[in-house]
Every structure is written in structure tokens, then in C-alpha cells.
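Have a look at the structure below, then the notes.
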Amino acid sequence: MPTAPHPQSTDELHQALQENRRRPYGRARTVTAEELVDAAEQFAEPVPLVRALLELQEAYTYGSEPRKSPVVFARLLTLFDEQPDVFDDRLRHTLFWRFKWVANALRALPEIPLASLRQWLTEMRDRYEKAGLGLQPYYGQAYQLAAHIGEDTALAYELWAGRTRTRLSDCEACEICERALYHLAAGDDARALRTWEPVLAGKESCQEEPARSFSYALLPLLRTGRTDEARELHLAGYRGCRRNPSMSGEVGRHLEFCALTGNEARGLELLAENRNLFDEVDSPREQFDFLTGVEVLLQRVEHLGHGELPAAGFTGRTWTATGLRAEVRERADDLAARFDARNGTTAHADRRRARLDRAPLLDALELTLRTRTLDDVAPVAPVAAPTTRTAPAVPESLPELIRRARELDEQGHPDARACWARLRTLVATRDYTHPEDPAAGPLVHLCADLLADEASRAGEKDEFADAAALHEEAAGLYDDAGQPGHAALARACALLATARTPAQDADGTEAKAAALTAAHASMVRLHEETPGLTPRQEARLLRLRATALGVRLQTSGSEEHIAPVLAEVDLLHTFATRHDVDAQIAGALLLRATTYAMSGDLPAALTGTDGALDRLKAHGPAWHLPRALALRGRLQLGLQNAQAAYTDLAEGLRLAADWPADTVDTSRLHSDLAGACLHLGRPDEALRHLTRSAELDLRGGSRFDAYCTYSNAARLSLDLGRVEDCIALLDSVLAEPDVAAGEPDDRLVAQLRLTRARALHAGDDLKAATTEFVALAAESAGWDDDPGSHAMIAAETAVLLGESGEFGRAREAADQALAAHAKDPRHEQLSNCLRELARLQAERQGPEGLADARGFLADAGRIADEARAAGYEVHGRPLDAALAYEHGRVNAYAGEYEDALTALEKALALLGEPGRDQEHVGEWAECVRLAGAVEGIYLERPAPALARLDAAVTRLTALGHTEESEPLTSLTARLRDEE
């Protein structure tokens, strides 16, 4: 099936070739390249065919199809032999360069005899000698063949490495990698890393580098103790090779790195992300490297007892880690045997065994912000209890177990849950026989208990409709069991759950408040009409009554709803104190403090929480302490006492470890601790708490909350300049099955993708960032309920397109942003975007781009007028002054220096003279500097320029702005030197 229109002229063919080069390597690019070769053959001119064949060979080479690359090159070589004049200097250089590509392709194919590989190298040497070219590239290929075979590598290395480089030598980065690998093979990690230094430091790069070197350097860095560097190179290097068939070997080494650093769960995640490589890699050598890395990972997963975990593998079936490992082992062993049979050595089998025999280098290395274990990625991962707490002892005797469960439940003790869980399992068995024991009561009573526990769990997950139904069912069974007090409690719980169920087709807040008012009234009647309540049952009913009114206050925020809550709390506290019900005394104190907090009286809330904590420490119950500390921590945050908040929250988290995981909202504790850390200037610790909070929510089933928290963590990491951490975190979250399937809120997923696109831009991956922004702009165009967000996304998209030099598309995106801005204004963001586009176009295109650049500035001027008329207060630079400055810069780029100077003087007038504070001092100094440069250098009027600069330096120095004056001083010195 054609993938592009059939070119009808050589110009159209050239354009189609250019467009295809912008595509990522893979089948789509390769198929199009094949079609363009067919199209080129219709033209009489040979040059278009040569260019199309070169594009096709590149697609095969970087698309991991080494079998086809030599065939295409043979056609090119024939054309060169028959029509050498067709090849200009550039085409001739490319042709001779690609002799190396063919040598590399032939080495990758074990079916090619060794004699044929050597024959090709002889052909390369003869051709180079005949053309008068240096032989260093030939000796480089001879060394790579020796290294591949595993024989005579030292001699081959000396013959290559000692020769002077030529124009056809591999790039510096690639040769550095080969030299480093030679030292690595000799066991000299330190020398290999010294050799790699220019590549690892980002001083040398090419299409494959530094990603290739990064993958090889990971283990040497670990072995020499440079773990932080290894972590950084893993994050940056993996992003450079993932899903790329021509770099599948590099992906395999990243999987191996995960396996040897206690990151097996991340390894499985990356394996799933690269599932395409099992089917798209046609290079046996790349397959060998990739599959060996996969086996190292799977071997480690199986060794840790998780062989039954699902693993992404070859298409056509589902795999477990154990099953996939067996398949991978068979295929990789076969490839090693084929290479070694061709080469007459055991090098590939030996290298494979060395990788598989490596012991882990570290027990655990935190690679990403989302550190997980194999337990976390199991298909059904339970919310594990904290490791510091021993699981509660559950009685073996069934009557004793039932008695113990009810006793703990009456106290509100967290360990009741374990007893109910055990009972639920026992009752569900076919051979369950209920004990004939008066203490156990009838089976219907136990079934009611289990339903009540299930209902409570549903309510904790905000599944209120289910909770209400379960409580009602439990109430009926309690009636049947002759337990009116329990039935009344169950019905009160059902009333509260029903009132909290989201209303349909009504004003949410008013309807919910009215429902809670009605629920409270019904509870009061139920309380009055139910005789024989025990003190604990009556206290729980009073607690439910107070809770209903507390939720109403939380919902409405109405001042008139405060007093009723406090009155109910007083009733509860008085009753619980009279009957010595410790849990409800503490509950009343905490409800009172929470009510003060909701009413805005934080000091009173803090005092109340202090009293509750004193009571809990003296009389218990101890399991309420973490919750009370969490409340006091949040109150301290509200009162701007971050250190006190941190102390309370950290202590609450420590104490929470003494109880089952669902006793305390530890996710909320981590989230609050993150806020305290940010206030204390400890952002890295805040990041750890945010990601821990998100992971706990995810494991607890609160996926929306988890993704919101991950989004916050990603934005924070980006703000901190931890770009690779941000990208790795978001890649992991976006790969979650429900996210990939589009199940969560589309705006939330868009926010995750938007942050990732910004991180890609910050990480200098302009192409990937632009692609993502363009997609987001297209999607957000349909957000009719939120045109403002589309305006901002389209504006950012326009800037990235401008940075890419695609000013036509940038103009289209800017027009989309302007249209959305008209519906929901975003004055500052749009003004910034348009000014930046003007600067980019003038800087890149000079006088030719001036008209379009001025068009962007005219739009920015209209937005400034709108903002002024609307009374909009800017948060950054004043729009009019910023616009005047940009007029000056744009005109300067285009050579219109008089207009530039006029605009800059206007900007200075709008900014006004600087004062002692820092507001706009930097902008003012930059305006003076640019005006001085335009006037003194380009308009060749140094005297007035020096006068301007001297006056500005004097003023800034007198005001104490020495840093801002330094560029002006430097320019002054330059102008005086040139006088």
C-alpha cells in the first residue's frame, strides 16, 4: 500500500525524500523509501535515483535490516562504476563512507561466510587506494572484525588506533567508543572510562552517540563506585535508544543494568515498552545483544521467586517470566552458536556466559522517582502492611475468632479487619459448619457482621452507594439475629452513606447539604426509637450524628452549620466521658478540632488537637495517634509553622507503621510531608514523599488521586531541573495499562503529557517535544469547555515550531491560540508567545523574516491593548515595555537599526528609571545595553552610546545593582577600545 503520493517530477521526488528523512526510522520510513526508489527509476536523470538509493540504504541500516543494505549499496556501486561523473564530491564522499556500513551489516549476519567478510574488506581497501584515500577507515573495520571474532584484536587495534584520522574516519564519538570497548574487554574499567570521558561529558556526539557509549559504560561506572553517574546515564541513555530497532542491543544492556541494581520491576516495565523489538529487529547481532540482556533480567526475576509474573515477549501468546526466559535462552544460544560456527571461535558464547554469570552489583539503586519492587508489579498487588509491624495473631478456635473479631470491632481496633478477613475466608468454603456455641451466636449474626465490615471498606473508598446497600442488607440480617442495637447502627451508617452519594441532576452542594440534614434528623429519630442500646452502641450513634453534621459543614462551608456540629460533639464527649468509652472521647476531641479548622479558626483547632493528643497519649487508643498528629501537622502548615508541621507529620508516619496499612491514610501523610518539605526548602525530600504518596494511592486503588500526585511530582522535578527524572517518571506513569487504554480523565492524562513535552524541550529533545505539543494542540482544540487551556498549549506549540524553523506551521498554531484566547483570554501567555516567535523569525531569517516577525508583534500589540482595557495585572514583565523591547531586538536582527533604537528608547521610557528594589532592573539594564550596542556599533555613533552607558552604569552602581551593570561595563570597554 503506497504511503505517499507518487512524485511526478524530480522536484517532487526531492521534497518527498526530505519529508521522509524527518520520519523516525522504522517500517513506515523504510516502505516509503522503497516506493521513492521505484518512483526515481522513471526519471531519465540518474542523480535522483542515486539519492533515493542512499535514502533507502540509510532506512535499512538504521531500521535494523542488515540483509537488505548491501544489496542497495551494490546498485549504488554499479552506478558509480558506470557513471562516475554523476557523483559530485558530496555523493562520492557518501558512497565511500558507506563501505563501512556494508562491512558492519555483513558482520551482523552469521550466514555470511568469514571469507566473504574479509573479501569485502579487501574490496574496500582496494577502492580506497585507487581513489587516493587514507586507509585508517579500512583498518578501523579490520579491527572491528577482529573484535567481533575475538582473535588478534591487539594487533588489529594497534594498526587502526595508531593511524591518523581521515575525512572518512568514523566520527570522534564512535571511535572513542571503540577504543573504550577495547580497554573494557581487557578488564580495565578505569582506562575505558577515561577514554569515554569526552562522550560521557557531552563533548562528542553523533546519531548513535552518546546513547551507545552510555549503555556500555553503565556497569564500569558501578564497578568503580560512580553510582550517581551510572543512574544519570541510564535515564538519559535509555531515552535515546528505547523502541529503536537499530539500538536494541543498547536496550538489552539497560535491562541488564536494571537487573543488576535491584530494579527488576523497572526492567520488566522497560521490557514491556520495548516489546516491538522482539519482532522488528532483523539483525541477528542486535537480536543476540538484546535477547541476552532480556535473559539476564528474566533470570534475576525468576531467581527472586517471581517467575510467574507476566512479561512482554514475542507476539502471538502471553508469557510469564519463566516461559519467556526459556524461549529467549533457546534463541540466543542458537544465535551464539551460529556466530561462533561462522567465526571459528567461542567468543559469542563466552560473552553471553559472562553476562549471564554476573552477580548483582548493588542490592538496590534508586534509578527513578518511582522505585518499585517485583511485589508492586504483581497482577493483584495487595496493600501490604508496614514491614515494621508483625501481623496480628488470629485465634485458631472458630468461636474464639468470632468473639475476638466482635470485641476488637466494638473497640474500633484496627486488628478487627484481620479477624473478619479470616472469617470471610472460612465462611466462603463449601464445608463450613457454624459452631454451636452461644458466644458465637447464629450464622445470620456472623453474616451480618461480615456485611457490615464489607460496607465499611466500601465507604472508606468513597463507594457510598455500595456501602449504603451493604449496610441496609446487614441491618436486615441483624434484625433476623435479634440484634436491634447493631441493626440501628447499620441503618445509621446506611443513612450517612446514602446522603454522601453524589446527587444526580441537582445542584451538588445544596442537594448534598439537604441530604445530610435529612440523614441527621433520621439518625436522631432512630436513636430515640431504639431501646436497649449499650453505651458503646449509643456512643457510636452519637458519633455518626456528629459526623453527618460535620460532613454537611465541610460541604456547605456555611457559618450557620458550625454550631450544630459543636453541639453534637459536646453530646458525644459528655456521654463517652460518663461511660468511659476512650475511643469516642478521643473521637469527640478530634471532631471538635476538625470543626474549628473547617470554620477557619486554626488556633482553636490547634488547641483542641493538642488536648486530643494529650488524652490519646495518656488513655489511648494508640491507633488514633497518627491521625491526630496528621491533623496537627496540617494545622501547623496552615499557621505557617512548617518545622512543627514536619515534626508532627514525620512522627505520625513513624507511628502509622505500628498499625495495619489501612488504619491511617499514609498516602495523605506523605503528601502533607511533601508540602512541609517544600516550605522548609527541601524539595528533593518533598519529591520522595510525593512519589511515595502516589504509589500508595495506586496500590490502594485510588488511581485518579495517584496520577494527580504523580503529575505534581513531575512538575516539581522539572522545576528543580531534574529533567531526566521527570521524563522517566512520566514515561512510567503513561505506560500504566489504564492510562495507555485511555481510561482515566483525558484532561489529567493531557496534563501528564504536557509536562513530559515540556521536559523533553528542557532536555533539548526539540523534535520529540514538538511532536507531542502538536498532538496535544490538536486534541485540546476540541475542549470547547476550556478554550483557555487550548490557547496556552497552542501558544507553546507555536514557539516550538518556531524553534524548529517551521514558521508557517508556527503561524497556524499561533492563530489557533489567538482564536481560543478570544473566548477565554490568556493575555500574558499569548503576548510572550508572539514576541518570542517574532524574535525567532527575525533572528533566523534576518531581513527576509522581518515582515512576518512584525506581524507577530502587531498581534502582541493588540493583546497588550486588550489587557490594558480589561485592567489585567501582569505577573511578569509589563506587556507594553516588553513589546517595545522586542520591536527593538527584531529590527536590530533585520538590520533596521534606526527603528531598533527608537523602539528601545520607547521601552526605556515605559520601564522608567530603576530604583533600589530589583523590580525590572534587569530588563532596564538589558534595554540600555542593546540600545548602546545598536547606537555605538551598528549605527557607528559611539559618543552618545558611551554617554548612555556611562550614565546607566553610574546609576546602577549607586543603587547597588552591580551585577546588572557588568554587561554595560563590558560593552563600554569594547566601544572605547574601538574608538
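Residues in the sequence shown are numbered consecutively from 80, following this note's numbering.
All C-beta atoms in this analysis are idealised placements derived from N, C-alpha and C, irrespective of residue type, glycine included.
Hey, could you find the ends of the alpha helix (DSSP H) residue i is sitting in?
i	result
I806	V802 to L813
M871	P866 to E882
K846	L845 to S859
Y295	A290 to R302
D532	L522 to E539
P478	L477 to Q490
Q924	H906 to Q924
W180	F178 to R186
P149	S148 to E161
G328	S327 to A338
H758	T745 to H758
G1001	V1000 to A1012
Y222	Q215 to I228
G887	F886 to K902
G940	L929 to A949
G555	F543 to D559
R345	E343 to E352
L453	Where L453 is concerned, there is no enclosing alpha helix (DSSP H), given that its DSSP letter is neither H nor E.
Q378	P363 to H382
A836	D825 to A841
If we call anything under 9 Å between Cβ atoms a contact, is residue i one with residue j?
i	j	result
Q920	D931	yes
E977	R1034	no
A428	D412	yes
M203	Q220	yes
A874	E851	no
Q580	L444	Reading the sequence as shown, one finds Thr at residue 580 and not Gln. No, these two residues do not count as a Cβ contact at 9 Å.
L708	D727	yes
N422	I228	yes
L1038	G1011	no
P1023	E1058	no
L1047	V1007	yes
L312	L334	no
G281	T245	no
Q722	L685	no
S362	P145	yes
V812	G821	no
T849	R794	no
A259	A271	yes
R434	G386	no
L1018	V969	no
Y218	R242	yes
Please name the residue, chosen from the options, that lies closest to residue i on a Cα-to-Cα basis.
i	options	result
A573	L716, E287 and S535	S535
Y141	A118, R100 and D117	R100
T92	A107, P103, V116 and E359	A quick correction: the sequence has Leu, not Thr, at residue 92. Nearest of A107, P103, V116 and E359 to L92, Cα basis: V116.
L936	R923, P926 and L962	L962
A264	A280, A296 and H954	A296
T89	T111, P125, A107 and A946	P125
F357	G384, R379, E381 and R322	R322
L1050	R1027, H1040 and L797	R1027
E120	Q94, L502, P86 and H262	P86
A856	H840, R832 and L839	R832
E891	G934, L839 and A315	G934
D817	S781, L347, G690 and T394	S781
L880	A847, E1045, G867 and Y972	A847
L234	E730, Y222 and R242	Y222
So residue i packs on residue j, CB below 8 Å; how close in whole Å?
i	j	result
S746	G779	7 Å
S148	S325	That pair is no contact at about 11 Å.
F152	F159	The Cβ separation is near 10 Å, so there is no contact.
E965	R918	6 Å
L549	L568	Contact doesn't hold; Cβ gap of about 13 Å is too wide.
I641	L650	Contact flag wrong, Cβ pair sits at about 15 Å.
P957	L989	7 Å
T770	A735	Between A735 and T770 the Cβ distance is about 18 Å, and since that is not below 8 Å, they are no contact.
Between residue i and chain D, is there a C-beta pair that is closer than 9 Å?
i	result
V828	Chain labels in this structure do not include chain D; a single protein chain is all it has.
Query - Uninterrupted alpha helix (DSSP H) stretches inside the stretch 642-723 (no shorter than 4 residues) - result: 661-678, 681-698 and 704-717
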